[in-house]
Amino acid sequence: MITIEGVSKIYSTSSVALRDVSLHIKAGEFVSVIGQSGSGKTTLTRLLIAEENPSKGKIKIGDWDISKIKTNEIPFLRRQIGMIFQDYKLLPQKTVFENVAFALEVAGEKSKRIRHVVPQLLEIVGLSDRKDRYPFQLSGGEQQRVAIARSLAHRPKIIVADEPTGNLDTINTEEIIQILKKINEFGTTILLLTHNREVVNALRRRVITLHNGQIALDQEAGKYIL
116 MITIEGVSKI YSTSSVALRD VSLHIKAGEF VSVIGQSGSG KTTLTRLLIA EENPSKGKIK
176 IGDWDISKIK TNEIPFLRRQ IGMIFQDYKL LPQKTVFENV AFALEVAGEK SKRIRHVVPQ
236 LLEIVGLSDR KDRYPFQLSG GEQQRVAIAR SLAHRPKIIV ADEPTGNLDT INTEEIIQIL
296 KKINEFGTTI LLLTHNREVV NALRRRVITL HNGQIALDQE AGKYIL
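Quick note, the sequence shown lines up with residues 116 to 341 if you use my numbering.
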């Protein structure tokens, strides 16, 4: 599903974010990526969604080499990869329903399909009864669930969750992880970038540890070791 071959990201001689990174993530895996600040996690995310290009090496999503992706292909790539961020990135002036619908509207989906799809997505994340509320009327956990529903709008093959529980308490963190596990059970590949030791250790899934831009550990059923 995701193949990274000898990828480096070099900004200058004194700033190297990734150094000769190679890894393969199979379709349907749930993988945690951990590392201290500056380890290369954020750069890896930017490369996967073509926000930046690698200085050298290849990145493949399926059979598609995105290392030198054309500008007009980027929107299609980003419909294949759902993104979830720590700060939710919801539109404050739109309701829960409208926030999720907006992801489909900008892609040119017809109103009939939007009215059909959005309720299904809200049901997956347990927010059917919150569809008419605005972000300021929701808890942090509920806002993150809206963001997850939005990330599923195009039925992506991959979800990249960048510190999705960073602003949440223990109870909401557990709820978000359970939703991600449910999505993974549908066959969606999950890439979780996190600092949360408890989450990683409880998952007992594959853990990739980055250190100074390189893969320090790759454990099939790993723990948070830093």
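Using N, Cα and C, we set each Cβ at its ideal position, and we do this for glycine too.
Beta-carbon contacts of residue i that lie in its chain and below 8 angstroms, excluding the five residues immediately before and after
{"i": "R161", "result": "E167"}
{"i": "L219", "result": "R228, I229, V232, V233, A268, H269"}
{"i": "I199", "result": "Q259, A262, I263, S266, I274, V275, A276, D277, P279"}
{"i": "I184", "result": "A165, N168, L192"}
{"i": "G121", "result": "D135, V136, S137, K171, G172, K173"}
{"i": "R194", "result": "A222, H269, P271"}
{"i": "K204", "result": "A262"}
Cβ-based neighbour list, residue i, same chain, cut-off 6 angstroms, excluding 5 preceding and 5 following
{"i": "L307", "result": "S147, A276"}
{"i": "I298", "result": "none"}
{"i": "L138", "result": "I119"}
{"i": "T158", "result": "K124, A132, L133"}
{"i": "L332", "result": "T324"}
Cβ neighbour criterion (16 or more within 10 Å) applied to residue i
{"i": "V214", "result": "Per the sequence presented here, residue 214 reads as Asn, with Val not at that position. With 16 or more other Cβ atoms within 10 Å, it is buried."}
{"i": "V312", "result": "The sequence given here has Arg at residue 312, not Val. Label assigned to R312: exposed."}
{"i": "G328", "result": "buried"}
{"i": "V221", "result": "exposed"}
{"i": "E238", "result": "exposed"}
{"i": "E188", "result": "exposed"}
{"i": "T288", "result": "buried"}
{"i": "S154", "result": "buried"}
Whole-number beta carbon distance between residue j and residue i, since they are thought to touch under 8 angstroms
{"i": "I291", "j": "Q259", "result": "6 angstroms"}
{"i": "P250", "j": "P279", "result": "P250 to P279, Cβ: 16 angstroms. No contact."}
{"i": "I330", "j": "V136", "result": "6 angstroms"}
{"i": "K209", "j": "F217", "result": "6 angstroms"}
Cβ-based neighbour list, residue i, same chain, cut-off 7 angstroms, excluding 5 preceding and 5 following
{"i": "I294", "result": "V240, R260, I263"}
{"i": "S170", "result": "S123, K124, I125"}
{"i": "K156", "result": "V148, G150, L308, L325"}
{"i": "E144", "result": "T304, R321"}
{"i": "L283", "result": "G255, G256, Q259, I291"}
{"i": "R302", "result": "One detail in the question is off: residue 302 reads as Gly in this sequence, not Arg. Only G143 meet the Cβ criterion."}
Subject >> Inside the segment 166-222 only - beta strand (DSSP E) runs reaching at least 3 residues >> reply: 171-176, 196-199
Original post:
Contact between the segment 229-247 and the segment 271-288: three or more CB pairs below 8 angstroms?
Top reply: no
Subject >> Complete runs of the alpha helix (DSSP H) confined to the segment 231-303 [at least 4 residues] >> reply: If we require 4 residues or more, the alpha helix (DSSP H) runs fully inside the segment 231-303 come out as 255-266, 285-300.
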